[in-house]
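Notes follow once the structure below has been shown.
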Amino acid sequence: MKNEQEDKTEKRIRFVAKHYREDAIDENKAWQVFSEKKGIKQRRFTLSHYWQAIAAAILVCFALSTWYYLENVKEEWLIVVSDSGQIKKVFLPDSSMIVMAENSSIKYNLIGFKKGNRDVELKGKAFFQVKRDEDSPFSVSTAKTVVKVLGTSFQLNEKTDRTALYVSTGKVAFASIEGDEEMILTEGMSAIYTDRDGVVMEDATDKSNVLAWQTKELHFNNASLEQIVRDLSEYYGVEIVNRLDNGNKHLTASFNDLSLDETLLIINQTLDVHLVVQPAD
Amino acid sequence: MTGISLQEFERSFKSLYKPLCLYSLRITESLDDTEDIVQQAFSDAWDKSRGGVVIDNLKAYLYRAVYNRSLSFVSQSPSHQTTEELPDMEDTSEDEQIYEAERNARLWRAIDNLPPARKTIFLMSKRDGMKYREIAEKLELSVKTVENQMGKALKALRETAVRIYTFLFCPA
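In order, the protein sequences belong to chains A and B.
Each number in this note's numbering corresponds to the 1-based position in the first sequence with 1170 added.
Each number in this note's numbering corresponds to the 1-based position in the second sequence with 59 added.
In structure tokens:
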């Protein structure tokens, strides 16, 4: 019985081997021929569970990599806005500090920033104290100008028709957005960009009170009336004019967080002038 | 729609295609004609089914159809006079013949799955009737290697048979 079976097996092996041809009588190929002939739509995803599983795995990989990619290149803009009468202190991811004056805003791409693109956009006035990092320059752009620094502190004041820069410590490069030649400024220097001139120029006017909005202290050291009017207007955010032209007057005084009315009263009495707030148009 | 769904039909097609071919091959002895016959039988069953005819037992129907088509092919073909295979088939029952076709399909698949080199040696010997020495010369191998590879190939093929016999005779 067993030998007979073995004999039959040998016979069958011979029979199958005799007719064997590579890729012949393949049921998957045959089904393809059949379904094409019968106009049966190939349903890729039901061909077999095996392929279905592979397709699903590939899909998952694809989805994950897409998500990962988007997650990495996407921008995450962070905007900080200060209200009127509010001074805001902002610490950036690199531990640089920004002190924003009222009615100002800064904007930066958090993801880019963390990767070393230390670019900040500013509207209004702010003081920057930049953490030194020679590999990643820090830049601040306003509508019209760009400031590039390595590590320093400076103040930018953007107004409708001009942008003023004051360097507190270190060294900065200041240029208009058009990319004309950079002006290098060091500690204590100021520069200004005006729409009228269209270039950045050194600003030699007295800067004693440029940071007063932070310290709440106004210092005048033999200051001209013109400078007093300018600094008070800037500090109190109003337009001040002198209604009584009384010759060439100078003032040396300090005001520590006084109200506008008190300050004007003291100056008017001291210098015998008539400073008033020009009502807005 | 009556009867068979597309999925069922596809599943039947894929599981029955090889055994049906080997079943037909017993009669026609021609691989290409065999594939045509089996395709025709499936096509016929498909059209009938789409036409609303209920096919009770698709497997039995297909074996019957393939058998009839194979016989009529052989009788029409001038190269095939009365073949020696036919009487051999006739003394076994239809069920046994189907069973043999299924076992042969497994052998075919087992050959498919042999490693390429071993498959080449096996086919040179069993299909092309070459002697081990001739194979060794042609492939630049030692006769020992050819013997060795043949032994492994045959063992693999016999094992597919053994599994089936075990299932057949020792159901416990």
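The beta-carbon is built from N, C-alpha and C at its ideal position, and this holds for glycine as well.
How is the alpha helix (DSSP H) around residue i delimited, first residue to last?
{"i": "S64(B)", "result": "Unbroken run through S64(B): none, as it is neither H nor E."}
{"i": "L1326(A)", "result": "Note, L1326(A): premise wrong, no alpha helix (DSSP H); beta strand (DSSP E) at 1323-1328."}
Can you tell me whether residue i is helix, strand or coil according to DSSP?
{"i": "D1177(A)", "result": "helix"}
{"i": "L130(B)", "result": "helix"}
{"i": "V97(B)", "result": "helix"}
{"i": "Y1278(A)", "result": "strand"}
{"i": "A160(B)", "result": "helix"}
{"i": "Q1256(A)", "result": "coil"}
{"i": "M1359(A)", "result": "coil"}
{"i": "M189(B)", "result": "coil"}
{"i": "R1332(A)", "result": "strand"}
{"i": "E1409(A)", "result": "coil"}
{"i": "L213(B)", "result": "helix"}
{"i": "H1389(A)", "result": "strand"}
{"i": "L1381(A)", "result": "coil"}
{"i": "T1312(A)", "result": "coil"}
So, at 6 Å on beta carbons, what are the nonlocal neighbours of residue i in its own chain, with the 5 sequence-adjacent residues on each side left out?
{"i": "T93(B)", "result": "C80, S83, L84, T87"}
{"i": "R1288(A)", "result": "S1306, F1308"}
{"i": "L1280(A)", "result": "E1246, L1248"}
Between residue i and residue j, what straight-line distance do the alpha-carbon atoms span, to the nearest angstrom?
{"i": "L1414(A)", "j": "E1396(A)", "result": "13 Å"}
{"i": "L1445(A)", "j": "L1292(A)", "result": "32 Å"}
{"i": "K1318(A)", "j": "A1343(A)", "result": "5 Å"}
{"i": "V1251(A)", "j": "F1324(A)", "result": "19 Å"}
{"i": "S1394(A)", "j": "G1294(A)", "result": "26 Å"}
{"i": "V133(B)", "j": "W105(B)", "result": "24 Å"}
{"i": "Q1384(A)", "j": "L1248(A)", "result": "23 Å"}
{"i": "K107(B)", "j": "A100(B)", "result": "11 Å"}
{"i": "S1205(A)", "j": "K1211(A)", "result": "7 Å"}
{"i": "P230(B)", "j": "D171(B)", "result": "Because P230(B) carries a pLDDT of 45, less than 50, the predicted location of this residue cannot be relied on, and the following value inherits that uncertainty. Spanning the two alpha carbons is a distance of roughly 28 Å."}
{"i": "F72(B)", "j": "S152(B)", "result": "24 Å"}
{"i": "M1267(A)", "j": "V1411(A)", "result": "35 Å"}
{"i": "S1338(A)", "j": "T1364(A)", "result": "21 Å"}
{"i": "R70(B)", "j": "L200(B)", "result": "43 Å"}
{"i": "L1388(A)", "j": "T1236(A)", "result": "56 Å"}
{"i": "T1330(A)", "j": "A1313(A)", "result": "9 Å"}
{"i": "V113(B)", "j": "S64(B)", "result": "12 Å"}
{"i": "R1332(A)", "j": "L1421(A)", "result": "27 Å"}
List, in chain order, every chain B residue whose beta-carbon is nearer than 9 Å to that of residue i.
{"i": "H1189(A)", "result": "L81, L84, E88, S89, L90, T93, W167, R186"}
{"i": "I1224(A)", "result": "Ordered by position in chain B, no residue passes the 9 Å Cβ test against I1224(A), which lies about 18 Å from the chain."}
Quick one: which chain B residues come within Cβ less than 8 Å of residue i?
{"i": "N1198(A)", "result": "K73"}
{"i": "V1186(A)", "result": "L81, N163, L166, W167, I170"}
Kindly list, in the order they appear in chain A, the residues whose Cβ is closer than 9 Å to that of residue i.
{"i": "Q98(B)", "result": "A1200, V1203, F1204, K1207"}
Going along chain B, which residues have a C-beta under 7 Å from residue i?
{"i": "I1210(A)", "result": "L65"}
Under 7 Å Cβ to Cβ from residue i, same chain only, skipping five residues before and after it: list those, please.
{"i": "L75(B)", "result": "K118, L121"}
{"i": "M1371(A)", "result": "A1361, I1362"}
For residue i, collect the residues of the same chain with a Cβ closer than 8 Å to its Cβ; drop the 5 residues on either side in sequence, then sort them by chain order.
{"i": "I96(B)", "result": "S83, T87, V125, R128, S129, F132"}
{"i": "A1450(A)", "result": "E1409"}
Where do the ends of the beta strand (DSSP E) carrying residue i lie?
{"i": "S1424(A)", "result": "1420-1426"}
{"i": "K1295(A)", "result": "1295-1299"}
{"i": "I1347(A)", "result": "Careful: I1347(A) lies outside any beta strand (DSSP E) and carries neither H nor E."}
Give the residues of chain A in contact with residue i, contact being defined as C-beta atoms less than 7 Å apart.
{"i": "R217(B)", "result": "T1179"}
{"i": "F101(B)", "result": "F1204"}
{"i": "E69(B)", "result": "W1201"}
Closer than 8 Å by beta-carbon distance: list the chain D residues that pair up with residue i, in chain order.
{"i": "K77(B)", "result": "The structure shown has no chain D; the protein chains it does contain are A and B."}
Taking Cβ-Cβ distances shorter than 8 Å, what residues in chain A pair up with residue i?
{"i": "L173(B)", "result": "Neighbours of L173(B) on chain A: none; closest Cβ ~10 Å, over 8 Å."}
{"i": "L182(B)", "result": "A1187, Y1190"}
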